[in-house]
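Participant:
Numbering (mature numbering (1 follows the signal peptide of the UniProt record, and there is no 0)), first residue to last: -18 to -1, 1 to 398.
(1) Leaving out the 5 sequence neighbours to the left and right, which residues in its chain are closer than 7 Å to residue 287 when beta-carbon positions are compared?
(2) Taking only the alpha-carbon atoms, compute the straight-line gap between residue 161 and residue 351 and give it to the nearest angstrom.
(3) Considering only their Cβ atoms, is the gap separating residue 309 from residue 366 smaller than 8 Å?
(4) Can you tell me where the beta strand (DSSP E) holding residue 268 begins and where it ends?
(5) Given this structure, state the Cα-to-Cα distance separating residue 229 from residue 48, to the nearest angstrom.
(6) Going by beta carbon distance, what residues of the same chain come within less than 7 Å of residue 167, once the five residues before and after it are set aside?
(7) Sort 349, 135 and 335 by Cα distance to residue 341 and report the nearest one.
(8) Please state whether DSSP places residue 247 in a helix, a strand or coil.
(9) Residue 75 bridges to which residues according to DSSP?
(10) Can you name the residues that DSSP bridges to residue 339?
(11) What span of residues does the beta strand (DSSP E) with residue 105 cover, start to end?
(12) Can you tell which of 164, 125, 157 and 163 has the C-alpha that lies nearest to the C-alpha of residue 53?
(13) Is the beta carbon of residue 126 less than 8 Å from the beta carbon of residue 269?
(14) Sort 70, 315 and 323 by Cα distance to residue 299 and report the nearest one.
(15) Suppose you measure from the CA of residue 377 to the CA of residue 297; what does that come to, to the nearest Å?
(16) Please report the residue range of the beta strand (DSSP E) in which residue 175 lies.
(17) Pull the bridge partners of residue 302 from the DSSP assignment, please.
(18) Could you check the C-alpha separation between residue 87 and residue 164 for me, to the nearest Å?
(19) Tell me which residues share the same chain as residue 278 and place their Cβ nearer than 6 Å to its Cβ, disregarding the 5 neighbours each side in the sequence.
(20) With which residues is residue 56 paired in a DSSP beta bridge?
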């Protein structure tokens, strides 16, 4: 039986506590002191000393995994699905390994968007300088020139990036359920232009610069002997601190700082930026949105900031388990009325697909996505969403355009 280093460190303390507890009442004070000592020990940090190095492969092949013909992630040698608990009793190490694989998955999906879906990667801000932080979105060749239809896809919050609905599904289920690729391919087959947003790419991380510690002798008028003695004490203190830090946290990761991307520092900012610079400039007569989870909140925020423009250009919005809240976001009455007519929210529910679900909020209709798993709602409602869009498109095409009366002209002018 293997004994961890942290257990060996704590063993003498446990033995001492057991011996003290066998003594009389006078020993209670010592017991309290030892318990206090134990409470000060960071067991999570101690556990890090038993970890293997946090050094992981940077390719799927390095992990010995690959996607099979069904889009499932499988081990190259055993054919088994991904195993999270690769090393028992090392949850932090297993989590870091999972995150490293997730970063590879993100790059893999980006490649699929470009090679498999023939989308273009567009850098933003559009007027960014060479040195400033940048993000990107993906667009089909005809996204801005298609005169008929444009589909815009927005994922939720967290670690997911452009082209993904849920990393967990990509790793544990398959690419179809976890990525936006089925939506993109069907949309293009049905004559839509496509824009894929990237709302979680809000900043880049760079290593925090180390601030040099100035010697006290630089700005002191003390005698030379006293300055030398103080510098020596300072160096000894730093040496002890560094030694303790190395012992306490041997796998300390680099200290990083975040540099936010101009006008794209949050999902809400990103949605407004892409609307202003791309969607609003597109030739499409009818624009359709698919927004999952926090993406729904970002869309409602876009409506609040660009209400007149969104109403004039967007035909229908499919939300999947959206977390928006028209009260908290202070969406006005006219927005709520428009959402009731033009939006539908497929929510997690054990009811059959498209079954009406009661809502406490006065915004858009809610129907079941046919699953009670939040992350699966987009994939499970996939066929219903396209049917919803087709019906909305036909309804808009068949409805006569209202005559331009003096009153409607005045309203339009005020909106502009």
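Glycine residues also receive a C-beta, built at the ideal position from the N, C-alpha and C atoms. The structure presented is a predicted model; accordingly, all values stated were derived computationally and were not measured.
Facilitator: Reading it off the structure:
(1) Locating residue 287 in the chain shown gives position 305, counting from the first residue. The answer, listed in chain order, is 254.
(2) Residue mapping note: residue 161 aligns to position 179 of the chain shown, counting from 1. Residue mapping note: residue 351 aligns to position 369 of the chain shown, counting from 1. If I take the Cα positions, the gap works out to 17 Å.
(3) Here residue 366 refers to the residue found at position 384 when the chain shown is read from its first residue. Here residue 309 refers to the residue found at position 327 when the chain shown is read from its first residue. No, Cβ-Cβ distance for residue 366 and residue 309 is not below 8 Å.
(4) Taking the chain shown and counting its residues from 1, the one referred to as residue 268 is at position 286. Per DSSP, residue 268 belongs to the beta strand (DSSP E) from 268 to 274.
(5) By 1-based counting over the chain shown, the position of residue 229 is 247. By 1-based counting over the chain shown, the position of residue 48 is 66. With a pLDDT of only 44 at residue 229, under the threshold of 50, the placement of this residue in the model should not be trusted; the figure read from the coordinates follows. Our two residues, residue 229 and residue 48, have alpha carbons roughly 38 Å apart in a direct line.
(6) On the chain shown, position 185 is the one that residue 167 refers to. These residues qualify, in order along the chain: 99.
(7) Position 359 of the chain shown, counting from 1, holds the residue named residue 341. Answer by Cα proximity: 349.
(8) Here residue 247 is taken as the residue at index 265 of the chain shown, counted from 1. If DSSP states are grouped into helix, strand and coil, residue 247 belongs with coil.
(9) In the chain shown, the residue the question calls residue 75 occupies position 93. For residue 75, which the question treats as bridged, DSSP gives no partner whatsoever.
(10) As a position in the chain shown, residue 339 is number 357, starting the count at 1. Residue 339 is bridged to 348.
(11) The residue given as residue 105 occupies position 123 in the chain shown. Here the beta strand (DSSP E) through residue 105 covers 102 to 106.
(12) Mapped onto the chain shown, residue 53 falls at position 71. Residue 157 is the option with its Cα nearest to residue 53.
(13) For the purposes of this step, residue 126 is taken as the residue at position 144 of the chain shown. For the purposes of this step, residue 269 is taken as the residue at position 287 of the chain shown. It is not a contact, given that the beta carbons lie outside the stated cut-off.
(14) Counted from its first residue, the chain shown places residue 299 at position 317. When 70, 315 and 323 are compared, the shortest CA-CA separation from residue 299 is found for 323.
(15) Residue numbering aside, residue 377 sits at position 395 when the chain shown is read from its first letter. Residue numbering aside, residue 297 sits at position 315 when the chain shown is read from its first letter. About 10 Å.
(16) As a first step, residue 175 must be located in the chain shown, where it is residue number 193. Taken as a continuous stretch (DSSP letters only), the beta strand (DSSP E) holding residue 175 covers 174 to 178.
(17) Residue mapping note: residue 302 aligns to position 320 of the chain shown, counting from 1. Residue pairing by DSSP places residue 302 opposite 274 and 328 in a beta bridge.
(18) In the chain shown, the residue the question calls residue 87 occupies position 105. In the chain shown, the residue the question calls residue 164 occupies position 182. Approximately 17 Å between the Cα atoms of the pair.
(19) Within the chain shown, residue 278 is the residue found at index 296, counting from 1. Taking residue 278 as the centre and dropping the five residues before and after it, the same chain places the C-beta of 301, 304 and 306 closer than 6 Å to its C-beta, in chain order.
(20) In the chain shown, the residue the question calls residue 56 occupies position 74. According to DSSP, residue 56 bridges with 48.
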